[in-house]
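Right, one structure below, let's go through it.
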Amino acid sequence: MAGPIMAEPIKTDVLIIGAGPCGLFAVFELGLLDMKAHLVDILDKIGGQCAELYPEKPIYDIPGIPMCTGKSLVDSLMEQIKPFGAQFHLQEMVESIEKIGDPLFRVKTDAGKEFECKVVVIAAGGGSFQPKRPPIPGIEAYEEKSVFYAVRKMEQFRGKRLLIVGGGDSALDWTLNLAPVASRLTLLHRRDQFRAAPDSVNKMMALVAEKKIDLVLGQVTGLDGEGGAVRKAIVKGNDGATIDVECDALLPFFGLTMKLGPVANWGIALKDGELIPVETASFETNVPGIFAIGDINWYPGKLKLILCGFHEGALMAQKAHQYCFPGKRLVFQYTTSSSSLQKKLGVAGGR
Ligand SMILES: Cc1cc2nc3c(=O)[nH]c(=O)nc-3n(C[C@H](O)[C@H](O)[C@H](O)COP(=O)(O)OP(=O)(O)OC[C@H]3O[C@@H](n4cnc5c(N)ncnc54)[C@H](O)[C@@H]3O)c2cc1C
Numbered sequence: 106m107a108g109p110i111m112a113e114p115i116k117t118d119v120l121i122i123g124a125g126p127c128g129l130f131a132v133f134e135l136g137l138l139d140m141k142a143h144l145v146d147i148l149d150k151i152g153g154q155c156a157e158l159y160p161e162k163p164i165y166d167i168p169g170i171p172m173c174t175g176k177s178l179v180d181s182l183m184e185q186i187k188p189f190g191a192q193f194h195l196q197e198m199v200e201s202i203e204k205i206g207d208p209l210f211r212v213k214t215d216a217g218k219e220f221e222c223k224v225v226v227i228a229a230g231g232g233s234f235q236p237k238r239p240p241i242p243g244i245e246a247y248e249e250k251s252v253f254y255a256v257r258k259m260e261q262f263r264g265k266r267l268l269i270v271g272g273g274d275s276a277l278d279w280t281l282n283l284a285p286v287a288s289r290l291t292l293l294h295r296r297d298q299f300r301a302a303p304d305s306v307n308k309m310m311a312l313v314a315e316k317k318i319d320l321v322l323g324q325v326t327g328l329d330g331e332g333g334a335v336r337k338a339i340v341k342g343n344d345g346a347t348i349d350v351e352c353d354a355l356l357p358f359f360g361l362t363m364k365l366g367p368v369a370n371w372g373i374a375l376k377d378g379e380l381i382p383v384e385t386a387s388f389e390t391n392v393p394g395i396f397a398i399g400d401i402n403w404y405p406g407k408l409k410l411i412l413c414g415f416h417e418g419a420l421m422a423q424k425a426h427q428y429c430f431p432g433k434r435l436v437f438q439y440t441t442s443s444s445s446l447q448k449k450l451g452v453a454g455g456r
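Mapped onto my numbering, the consecutive letters of the sequence shown carry residue numbers 106 to 456.
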């Protein structure tokens, strides 16, 4: 009797795990060298942390772009990689990687999809990231209604009374960004020391001095509200007094738990159980044919910056070419002057 019909594996040169900025730019570098890529991401959107955590926040350190937002960076990357026709598989998590050739890999997702590829590029950032939930009894009932762990649209908070909780970069950045939007904003932190960038702390303190926002030291011990709509937070101040902070929305920024997830089971050496060591000539892991770029990798001097992940993608593609086209010579070319690269970009003769 015939067994269940298995879908044919999707064959591709390169399978990229993670559609964050580094996975996206890898498509460009691979594409210039004629390698086709598919990308898989757990999220329902393209762009990794930029899209999920700070779409409207400004980024100032992308070379040649004085300022862009998380979202506009992702939009530009999508425009840039358009000529290469990468295919996306969203809301799917890569669960396993199996070596079936030299090099040839079978990659499976939790949606039952299978890929067969010569090269795997792990651009999985911190894995699947989840916000840390503050220990406030009953907070679940308010989540995504009036308690938010990320700001997707600032407009949503226009004219609202906001209570932001935390002392790190996210809490301070959102305090500064939302202060002009909110009708009233209170920043609550458990102590008077902040982990955020000193410049942000200074700017926040200036707003407090100008009485544009309130700063309270203490912790939320309870929430009061109805039908998911918070009315006030009960705050135990560091002076021992309990006060009510009336608010329409609570934004706790207690950091993220980066759950590495299945990456840990792929037979790749890990550093401190969460990062993938790579060599810095090509950002290949200890498994030939499997590369790691962006926030997920580690090497001496590593900086978790987007621009570093872009560089890593460029060097990765050079080595990946050897696996996809063994014995084929690779000639180094500039996009400015190479008509063959311009043809791939669809701009040949156009300028
Ligand atoms: C608030 C904030 C501000 C920042 N500001 C800057 C800045 O100004 N400049 C700068 O350079 N950097 C900044 N960063 C850091 C920057 O966002 C990261 O360095 C960058 O996003 C890393 O890109 P990535 O592609 O490596 O990973 P990510 O953006 O983390 O994307 C990884 C993707 O992989 C997916 N994934 C993980 N595991 C799997 C799996 N098993 N299967 C399928 N998909 C998987 C995830 O869902 C995710 O979408 C900031 C970060 C934050 C949080």
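Cβ coordinates follow ideal geometry from the N, Cα and C atoms, glycine included.
* To do: Spatial neighbours of glutamine 192 within its chain, please: CB distance less than 6 Å, with the 5 preceding and 5 following residues excluded, ordered by chain position.
  => Sequence-distant Cβ neighbours of glutamine 192 in its own chain, meaning closer than 6 Å and more than five residues away, are His143.
* Please report how far the alpha carbon of glutamine 438 lies from the alpha carbon of leucine 450, in whole angstroms. => Taking the straight line joining both Cα atoms gives about 13 Å.
* Asked: Are three or more beta carbon pairs between the segment 241 to 260 and the segment 160 to 170 nearer than 8 Å?
  -> At 8 Å Cβ cutoff, the stretches touch.
* glycine 255 vs glycine 123 beta-carbon contact at 7 Å -> The question names glycine, but residue 255 is alanine in the sequence shown. It is not a contact, given that the beta carbons lie outside the stated cut-off.
* For the segment 195 to 209 and the segment 364 to 375, state whether three or more C-beta atom pairs, one from each stretch, are separated by less than 8 Å. => Segments in contact, yes.
* Asked: Among Thr385, Cys155, Leu312, which one has its Cα closest to the Cα of leucine 277?
  -> Answer by Cα proximity: Leu312.
* **Nearest residue (CA-CA) to glutamine 423, options Ile381, Leu138, Pro114, Asp118** => Considering only alpha carbons, the answer is Leu138.
* Name the DSSP bridge partner or partners of valine 403? -> As written in the sequence, residue 403 is tryptophan, which differs from the valine given in the question. Note: tryptophan 403 sits in a beta bridge opposite Pro382.
* Asked: What separation, rounded to the nearest whole angstrom, lies between the Cα atoms of threonine 214 and leucine 375?
  -> If you draw a straight line from the Cα of threonine 214 to the Cα of leucine 375, it comes to about 21 Å.
* **Reduced DSSP secondary structure (H/G/I, E/B, other) of lysine 376** => For lysine 376, the three-state secondary structure derived from DSSP is strand.
* Asked: Are there 16 or more other CB atoms within 10 angstroms of the CB of alanine 131, so buried, or fewer, so exposed?
  -> Its Cβ being crowded by 16 or more others within 10 Å, alanine 131 is buried.
* Please confirm if isoleucine 186 has its CB atom under 7 Å from at least one CB of chain B. => Of the chains in the structure shown, none is chain B; there is only one protein chain.
* **CA nearest to the CA of glycine 408, picked from Asp207, Leu380, Gly432, Ile373** => The question names glycine, but residue 408 is leucine in the sequence shown. Looking from the CA of leucine 408, the closest CA among Asp207, Leu380, Gly432, Ile373 belongs to Leu380.
* Asked: Counting only runs that start and end within the segment 120 to 180, where is the beta strand (DSSP E) found for 3 or more residues in a row?
  -> Taken in chain order, the complete beta strand (DSSP E) segments of 3 residues or longer contained in the segment 120 to 180 are 142 to 146.
* **Three-state secondary structure (DSSP) of serine 275** => DSSP places serine 275 in helix when its eight states are reduced to three.
* CA-to-CA distance, glutamate 219 to lysine 116, given in whole angstroms -> Between lysine 116 and glutamate 219, the C-alpha separation is close to 9 Å.
* Asked: Which residues in the same chain have their Cβ closer than 6 Å to the Cβ of cysteine 155, if we skip the five residues on either side of it in sequence?
  -> The answer, listed in chain order, is Pro126, Gly175, Leu178, Val179.
* Below 6 Å CB to CB, which residues in the same chain sit around phenylalanine 396 once its five sequence neighbours on both sides are set aside? => The answer, listed in chain order, is Val226, Phe388, Glu389, Met421.
* Asked: Hey, is serine 445 close to ligand 1, as in C-beta under 6 Å from one of its heavy atoms?
  -> For serine 445, the shortest separation between its Cβ and any heavy atom of ligand 1 does not lie below 6 Å.
* Which of helix, strand or coil does DSSP assign to glycine 327? -> Strand at glycine 327.
* To do: Please go through the same chain and pick out, in chain order, the residues whose beta-carbon is closer than 7 Å to the beta-carbon of isoleucine 373, but skip the five residues on each side of it.
  => Excluding five sequence positions before and after isoleucine 373, the CB atoms of its chain that fall closer than 7 Å to its own CB belong to Ile381, Thr390, Asn391, Val392, Ile395, given in chain order.
* Proximity of lysine 223 and proline 236 at Cβ, strictly below 7 Å -> It is not a contact, given that the beta carbons lie outside the stated cut-off.
* Asked: Residues bridged to leucine 182 by DSSP?
  -> The partner list for leucine 182 (beta bridge, DSSP) is empty, contrary to what the question assumes.
* Under the three-state reduction of DSSP, which class applies to valine 436: helix, strand or coil? -> Looking at valine 436 - three-state DSSP - the assignment turns out to be coil, as it is neither helix nor strand.
* To do: Take glutamate 113 as the anchor and find which of Pro239, Val212, Lys337 has the nearest alpha-carbon.
  => Nearest C-alpha to glutamate 113 among Pro239, Val212, Lys337: Val212.
* Just checking my contact of histidine 294 with leucine 322 at CB under 8 Å: how many whole Å lie between their CB atoms? -> Indeed, because the Cβ distance is near 6 Å, the residues count as touching under 8 Å.
* Determine the direct distance from the alpha carbon of cysteine 429 to that of asparagine 282, and round the result to whole angstroms. => It is roughly 46 Å from the alpha-carbon of asparagine 282 to the alpha-carbon of cysteine 429.
* DSSP beta-bridge partners of glutamate 66 -> The first residue shown for the chain is 106 and the last is 456, placing residue 66 beyond what the model contains.
* Report yes if the C-beta distance between glutamate 134 and glycine 418 is below 7 Å; otherwise report no. => Note that the C-beta distance between glutamate 134 and glycine 418 is below 7 Å.
* **leucine 290, buried or exposed, once every other Cβ within 10 Å from all chains shown has been counted against 16** => Buried, because 16 or more other Cβ atoms sit within 10 Å of the Cβ of leucine 290.
* If glycine 378 and glycine 399 are in contact, beta carbons under 8 Å, what's the gap, nearest whole angstrom? -> 18 Å between Cβ atoms; not a contact.
* Asked: What is the DSSP secondary structure of glycine 206, counted as helix, strand or coil?
  -> Glycine 206 falls in the strand class under three-state DSSP.
* Is it the case that the CB of alanine 311 approaches a heavy atom of ligand 1 more closely than 6 Å? -> At a threshold of 6 Å, alanine 311 does not count as near ligand 1, since its beta carbon sits no closer than that to any of the ligand's heavy atoms.
* To do: Could you please give the first and the last residue of the uninterrupted beta strand (DSSP E) stretch that includes leucine 355?
  => Element bounds for leucine 355: 354 to 357.
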